[in-house]
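K.L.:
Please see the structure below; I have some questions.
Residue numbers (the UniProt record's numbering), protein chains in the order written: chain A, 1 to 445; chain B, 1 to 445.
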């Protein structure tokens, strides 16, 4: 709505009025506006924001902007931001800061906190520990609902979520959870013990983020508790962070399926050399793998020499085989990722793909025969050779496309690499061998 | 944990005891167990569950199981389930039921409800309206915090979420929202008017689910209000339903990018003919498009006849071009889907892809030259022809791969179809033309 107005105020350099506009807005939208501006003006406006708003806005900036800001503000301002950020955002920030800044921050914190920061910095990337935050509501089972609500009233504003509360014993062991909904609908003097849910679903600090995302998907949670090896509650993960994880995991799959090393960086923000680096290794590997197809063609040079026309169908055969195989592998890879297909289903998958490929193979071979025999007026033996090859290629590629991702999963390799590029390379070699063998037979070369 | 125990109880047909085990569990896990069982036993156990648990379990069954259950239970049981289901789950059920069942249900409901059911059944698929539910907490701005909490205490258990409450005027117009967190941390006599957030982000009933998902992603909401054309609050969408939407949208993109018509059905549950149908049209289209490559090769038949060896590098050139192009198009398609790349960035994308392709092209061409000249002992002129073609192919395919998805977006076509299969077909024709042209030049044929 106010976009025009904000632009106008900017042009007229009415920064005071601009500030009044900004603080009415959602911090995420403020961040978006500041990110578009010249860094000097953005920084000035950022420092004009009320402190609590500034911290929120700061937490939404991308890492490189955060670094720039940290480099330009006073130690006192930095200290305030560090103190007020949610613990998980603070850890994310520290992970990206230069060593001297981290050291300064650690010096300013007490021993207990320092220990905890170090512990969090050591969780493996992509683990539950690296996603969690420590701002949760901690209740005791002896409390009444009234006491619990009073506790939330006092501390609730600084918690990441208050909608699921965690009941722990004196050793921080997780005994149960109780939702704020339950607290609100129950009587004040009811005991937490009686209304808490003891059948808690939780994850361990070292569990992979994919496991965590799968639980959120299945149960529709708002938050999930994270415990350490001794079953002590160490943090919680909230659903908004999981949406990011799901997006990242999907992006990773898309990248792997297009033969790239995965990267979390946004496309437009990544420099040309990093992008080239992520692409070149797979391209080289696949290019050199094509030596096989080259050898096959060289081996059948005589056949080709006698009927050069055969060469003109090679691209169509290879592409159709590759496409047919990628269709199958894509569905299986996606099924595995969403937990809809399991390695034990391999028999079902092969049988299904085999039947599909018969249908698809017949239709494609028939259309192709009609096209090249009647329209392109190609010799009938060549038309037959091409169509029969097409039929077998479709069957082979669909079955291979169905098997390879599951085989990868069984071998603990990421199924996503068994996608179009690799399948195409394998299917190419196969279809060329079939092609020239059938050609030798039918054309008696 | 209790998996062994449940199996044992099933084997020993101790259904009473089994029931006691089940009702301790999360309804989602009960559903999972029942789904694995023989339908007769599953149905018996289902009917033994307490009614409120049964409704929850029912809502998690896949549609075909729901249909089976509806076919086997009494009208009275069905009526109870329909009454107790959340409105969105009920609508989803009605959409899939045979007409006579829907009619029976409509007859049993009052006029007001019937009107509303009909309205909901008419929202376009994939619209915000089709995702929303009506069980939200409705507050008035004149209420105090104490009154609001009392209202939630009374009605909260039957609402889909109580964590965001909606403040409406007498015409059902949305005036603001207030979180349960705010209610709990404020004093009892504080007025809702003073603590509600008036800057509400909402969607319209006819907005696409992708728009809704983008808002959840950006702001990390738990729920989002949906209003009609007159700005009246008609329902809410909760984050758990959005996680499903995100998964479905991604699956759709994966399918389109592998040249399939998208389908929401799970792979293993879909019959062979439907799967074949979704794959065949694109395969046919791409196969017939390959006529171009065929024509190109036929046109250069003389070149090929004089140096048949050239044919052996065709697969490698085509595959490398296809792979290089898919890498670029995948990143751009994904960037567009996540809102990280916009159509206006087309210049940046082309410039970026051009620079990347120079680096990648030089490396690939060099490695390829060294390999085929020194290892495969190919004639230097042919080695040069192949390597120079490779260089230009990589450049062309990366630039095309970067442009096409953005062009599609500008033309309001789904960018996801500009993926590997289509890019490969285009790049094939291009690389073959370059190949034979360079061959004619270098080899003087």
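All C-beta atoms, glycine included, are put in the ideal place defined by N, C-alpha and C.
Would residue 145 of chain B pass as a contact of residue 180 of chain B if the rule is Cβ separation under 8 Å?
P.N.:
No, Cβ-Cβ distance for residue 145 of chain B and residue 180 of chain B is not below 8 Å.
K.L.:
Using 10 angstroms around the beta-carbon of residue 189 of chain B, count the other beta-carbons present and answer buried if the total reaches 16, otherwise exposed.
P.N.:
Residue 189 of chain B is exposed by the Cβ-count criterion.
K.L.:
Kindly indicate if chain B contains any beta-carbon less than 8 Å away from that of residue 345 of chain A.
P.N.:
Closer than 8 Å: yes.
K.L.:
For residue 187 of chain A, count the other beta carbons within 10 Å of its own beta carbon; 16 or more makes it buried, fewer makes it exposed. Which is it?
P.N.:
So residue 187 of chain A counts as exposed.
K.L.:
If you check the beta carbons only, do residue 396 of chain B and residue 427 of chain B fall under 8 Å apart?
P.N.:
Yes; because the gap between Cβ atoms is below 8 Å, this pair is in contact.
K.L.:
Check whether the Cβ of residue 136 of chain A lies closer than 8 Å to any Cβ atom in chain B.
P.N.:
So no, residue 136 of chain A is outside the interface.
K.L.:
With residue 223 of chain A as the anchor, note down where its beta strand (DSSP E) starts and where it stops.
P.N.:
Element bounds for residue 223 of chain A: 223-227.
K.L.:
If you check the beta carbons only, do residue 185 of chain A and residue 139 of chain A fall under 8 Å apart?
P.N.:
Contact flag unset, no.
K.L.:
Only counting the same chain, and skipping five residues up and downstream in sequence, which positions put a Cβ closer than 6 Å to that of residue 1 of chain B?
P.N.:
With a pLDDT of 47 at residue 1 of chain B, under the threshold of 50, the predicted position of this residue should be treated as unreliable, though the coordinate-derived value follows. Taken in chain order, the list of residues that qualify is empty.
K.L.:
Please check the pair residue 34 of chain A and residue 18 of chain A, which I expect to be a contact at CB under 8 Å, by giving their CB distance rounded to whole angstroms.
P.N.:
Contact doesn't hold; Cβ gap of about 11 Å is too wide.
K.L.:
Within the chosen definition, does the segment 225-234 of chain B reach the segment 200-211 of chain B through at least 3 CB pairs nearer than 8 Å?
P.N.:
At 8 Å Cβ cutoff, the stretches touch.
K.L.:
Excluding five sequence neighbours on each side, which residues of the same chain lie with their C-beta closer than 6 Å to the C-beta of residue 415 of chain B?
P.N.:
Result list for residue 415 of chain B: 333, 336, 405, 408 and 409, in chain order.
K.L.:
If you compare alpha carbons, which of A/368, A/321 and A/388 is closest to residue 394 of chain A?
P.N.:
Cα-wise, what sits closest to residue 394 of chain A is A/321.
K.L.:
Anything in the segment 312-334 of chain A with a Cβ closer than 9 Å to a Cβ of chain B? List those residues in chain order, please.
P.N.:
Going along the segment 312-334 of chain A in chain order, one finds 312, 313, 314, 315, 316, 317, 318, 319, 320, 322, 323, 324, 326, 327, 328, 329, 330, 331, 332, 333 and 334 with a Cβ nearer than 9 Å to chain B.
K.L.:
Under three-state DSSP, which class holds residue 220 of chain B?
P.N.:
Residue 220 of chain B falls in the coil class under three-state DSSP.
K.L.:
Spell out the partners DSSP gives residue 72 of chain A in its beta bridges.
P.N.:
BP columns for residue 72 of chain A are empty, so no partner.
K.L.:
Mind the definition here: the segment 301-319 of chain B touches the segment 418-436 of chain A only if three or more C-beta pairs lie below 8 Å; say whether that holds.
P.N.:
Enough Cβ pairs lie closer than 8 Å, so yes.
K.L.:
At a CB-CB cut-off below 8 Å, which residues of chain A make contact with residue 298 of chain B?
P.N.:
Simply 309 and 312.
K.L.:
Listed from N- to C-terminal order along the chain, which residues in the segment 21-52 of chain A have their beta-carbon within a distance smaller than 8 Å of any beta-carbon of chain B?
P.N.:
Cβ contacts with chain B: 24, 25, 26 and 28.
K.L.:
What residues of chain B sit near residue 305 of chain A, judged by a beta carbon separation below 9 Å?
P.N.:
Near residue 305 of chain A (Cβ distances below 9 Å), the residues of chain B are 305 and 308.
K.L.:
Identify, in the order they occur along the chain, each residue of the same chain with its Cβ nearer than 7 Å to the Cβ of residue 249 of chain A, setting aside the five sequence neighbours on each side.
P.N.:
If we look at residue 249 of chain A and ignore the five residues flanking it on each side, its Cβ neighbours are 210 and 213.
K.L.:
Please compile the residues from chain A whose C-beta is within a distance smaller than 9 Å of the C-beta of residue 180 of chain B.
P.N.:
What residue 180 of chain B touches in chain A: 162, 163, 180, 181 and 184.
K.L.:
Between the segment 249-264 of chain B and the segment 274-290 of chain B, do three or more beta carbon pairs fall short of 8 Å?
P.N.:
Counting Cβ pairs under 8 Å, three or more are found: they touch.
K.L.:
In this structure, how does DSSP classify residue 263 of chain A when only helix, strand and coil are distinguished?
P.N.:
Coil, per DSSP.
K.L.:
Label residue 429 of chain A either buried or exposed according to how many other C-beta atoms from any shown protein chain fall within 10 Å of its C-beta, with 16 as the threshold for buried.
P.N.:
Residue 429 of chain A should be labelled buried.
K.L.:
Quick check: what's the CA-CA separation for residue 273 of chain A versus residue 324 of chain B?
P.N.:
About 15 Å.
K.L.:
Would you check whether the ligand NAD has a heavy atom nearer than 7 Å to the C-beta of residue 346 of chain B?
P.N.:
Absence of the ligand NAD is noted for the structure shown, with no ligands found whatsoever.
K.L.:
Cβ atoms of residue 121 of chain A and residue 91 of chain A: under 8 Å apart, would you say?
P.N.:
Yes.
K.L.:
Is it buried or exposed, residue 27 of chain A, if we count other Cβ atoms within 10 angstroms and call 16 or more buried?
P.N.:
The residue is buried, with at least 16 neighbouring Cβ atoms inside 10 Å.
K.L.:
Are there 16 or more other CB atoms within 10 angstroms of the CB of residue 99 of chain A, so buried, or fewer, so exposed?
P.N.:
Exposed, because fewer than 16 other Cβ atoms sit within 10 Å of the Cβ of residue 99 of chain A.
K.L.:
From residue 71 of chain A to residue 215 of chain A, what does the alpha carbon distance come to, in whole angstroms?
P.N.:
About 39 Å.
K.L.:
If you run the structure through DSSP and keep just helix, strand and coil, what is residue 1 of chain B?
P.N.:
Bear in mind that the predicted position of residue 1 of chain B carries a pLDDT of just 47, short of 50, making it unreliable; the figure below should be weighed with that in mind. In the structure shown, residue 1 of chain B sits in coil (DSSP, three-state: anything other than H, G, I, E or B).
K.L.:
For the alpha helix (DSSP H) holding residue 425 of chain B, just list the boundary residues, first then last.
P.N.:
Residue 425 of chain B -> alpha helix (DSSP H) spans 420-443.
K.L.:
Would you say residue 279 of chain A reaches chain B, if we count a Cβ-Cβ gap shorter than 8 Å as a contact?
P.N.:
For residue 279 of chain A, the answer is yes, since a Cβ of chain B falls inside 8 Å of its Cβ.
K.L.:
Could you spell out the range, first to last residue, of the beta strand (DSSP E) harbouring residue 139 of chain B?
P.N.:
Note, residue 139 of chain B: beta strand (DSSP E), 137-139.
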